[in-house]
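K.L.:
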Amino acid sequence: MNDHPSPDSLPELRPLPAELSLAMDPGVGLPLPPVELMPLPLPVEAANAPDAAPAPSTTEAHAPEADTPPPLDPALPPPEAHVPLGLHLPDTQRVPTLTYLRPNAAPPGHSTLASGMSFVGRIQLTGSLTVGGAIEGPVIAMTERGGNSHVIVAETGVVRGDIIARNITVQGRTSGLLDAPGGRVTLHDGSVVEGRVRYTTLQVNGADLNAQLERVRPESDPTSVHRG
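So in the working numbering, the last one in the sequence shown is 593, and the numbering has no gaps at all.
(1) Given S483, which residues of its chain have a CB within under 7 Å of its CB, disregarding the five upstream and five downstream residues?
(2) What residue does the beta strand (DSSP E) around D573 start on, and which one ends it?
(3) What residues in its chain sit with their C-beta under 7 Å from that of A519, if we drop five residues either side in the sequence?
(4) To the nearest angstrom, report how far apart Y465 and A506 are at their CA atoms.
(5) DSSP puts G560 in a beta bridge; with which residues?
(6) If you follow the beta strand (DSSP E) that N532 is part of, which residue opens it and which one closes it?
(7) Give me the residue from T521, Q489, T491 with the minimum Cα distance to G481.
(8) Are the Cβ atoms of V550 and I529 separated by less than 8 Å?
(9) Does the Cβ-Cβ distance between D573 and V562 come in under 8 Å?
(10) Nearest-angstrom Cα distance between T477 and R487?
(11) Give every residue of the same chain whose Cβ lies closer than 8 Å to the Cβ of T566, excluding the five residues on either side of it in the sequence, and list them in chain order.
(12) Can you find the residues in the same chain that come closer than 6 Å, C-beta to C-beta, to D554, ignoring five residues on each side of it along the sequence?
(13) How about T491 and G502: do their beta carbons lie closer than 8 Å?
(14) Does the distance from the C-beta atom of Y564 to that of R582 stay below 8 Å?
(15) Rank P546, L542, L552 by C-alpha distance to the C-alpha of Q577 and give the top, closest one.
(16) Identify whether G548 lies in helix, strand or coil by the three-state DSSP scheme.
(17) Counting C-beta neighbours from all protein chains within 10 Å, is the total for A545 16 or more, i.e. buried, or is it exposed?
(18) Could you have a look at M482 and say whether DSSP puts it in helix, strand or coil?
(19) Would you call V516 buried or exposed, if buried means 16 or more other Cβ atoms sit within 10 Å of its Cβ?
(20) Let me know if V485 comes out buried or exposed under the rule of 16 or more other beta-carbons within 10 Å of its beta-carbon.
(21) Any idea what DSSP makes of A519, helix, strand or coil?
(22) Using only the alpha-carbon positions, how far apart do S589 and Q568 sit?
(23) My output table needs one value for R525: the three-state DSSP class, helix, strand or coil.
(24) Rounding to the nearest angstrom, what Cα-Cα distance links D527 and S493 in this structure?
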């Protein structure tokens, strides 16, 4: 015997209501009620302000985006800066600069015995001589035609001997004859002079002078060697 019932003997199935079928179906949710978007209320101070901006409309989906410049092409050179022309430039002034100056060279025909040097013997030259050291012996400065001879004894200079020249200047110490006929003898403050002085013009500025003075005529020979 066949235990299965025939299709005609099965009861008739009726469809469920739509509300019940949606609730029983786990894959279908119940429809949500419509939601209305409400604007947020402004604070009292901001709402009462005269320049308060109006509330944004609820119908706008998003704020408009600001215009942004297009990206620069790295292959192109950067844009040049534009400087307005015709502007008044500030006043300029010349800045002083340092320039190298060569030390004054000794004039032609000028000799020097520097400080710390010493010489023993007779010195005869043409032109001028500055004595900063020590000399033991006579000093004769010859004068060329149309020229001049000058012996200068500096503050550190010491001469023990006769000095013959057209002009003689003493700032240090001398012991002997200062013979400058037809010329000038100048004795500065702090100098010490002992012996004899022959001159046409004499100038003493506080020197320690312990010497015999003799004034001679200008036409005397200034290069003649003293005898005796």
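Cβ atoms here follow ideal geometry from the backbone N, Cα and C, with glycine treated the same way.
P.N.:
Let me spell this out:
(1) Result list for S483: G498, A499, in chain order.
(2) Start and end: 573 to 580.
(3) Spatial neighbours of A519 in its own chain (CB-CB distance under 7 Å, excluding positions within 5 residues in sequence) are listed in chain order as T495, V496, G497, Q536, G537.
(4) With a pLDDT of 49 at Y465, under the threshold of 50, the predicted position of this residue should be treated as unreliable, though the coordinate-derived value follows. In this structure, the alpha-carbon of Y465 lies about 35 Å from that of A506.
(5) Residue pairing from DSSP places G560 in a beta bridge opposite G541, A576.
(6) For N532, the enclosing beta strand (DSSP E) begins and ends at 532 to 535.
(7) Out of T521, Q489, T491, the CA that lies nearest to the CA of G481 is found in T521.
(8) Cβ atoms of V550 and I529: not closer than 8 Å.
(9) D573 places its beta carbon 8 Å or farther from that of V562.
(10) One alpha carbon belongs to T477, the other to R487, and they sit about 15 Å apart.
(11) Excluding positions up to five away in sequence, the list reads G548, R549, V550.
(12) Closer than 6 Å at the Cβ level, and outside the excluded window around D554, lie N570, G571.
(13) Between T491 and G502, the CB-CB gap reaches or exceeds 8 Å.
(14) Not a contact, by the Cβ cut-off of 8 Å.
(15) That would be L542, whose Cα lies nearest to the Cα of Q577.
(16) In this structure, G548 counts as strand in the three-state DSSP scheme.
(17) Counting Cβ neighbours within 10 Å, A545 comes out buried, since at least 16 surround it.
(18) The three-state reading of DSSP puts M482 in coil, since its state is none of H, G, I, E or B.
(19) Buried is the call here.
(20) Residue environment: V485 is assigned as exposed (fewer than 16 neighbouring CB atoms within 10 Å of its CB, all protein chains considered).
(21) Under the three-state reduction of DSSP, A519 is assigned to coil, being neither helix nor strand.
(22) Reliability of the predicted coordinates at S589 is poor, the pLDDT of 46 falling under 50, and the value obtained from them is presented with this limitation in mind. Each residue's Cα considered, the two are about 22 Å apart.
(23) In this structure, R525 counts as strand in the three-state DSSP scheme.
(24) If you take the alpha carbons of D527 and S493, they lie about 15 Å apart.
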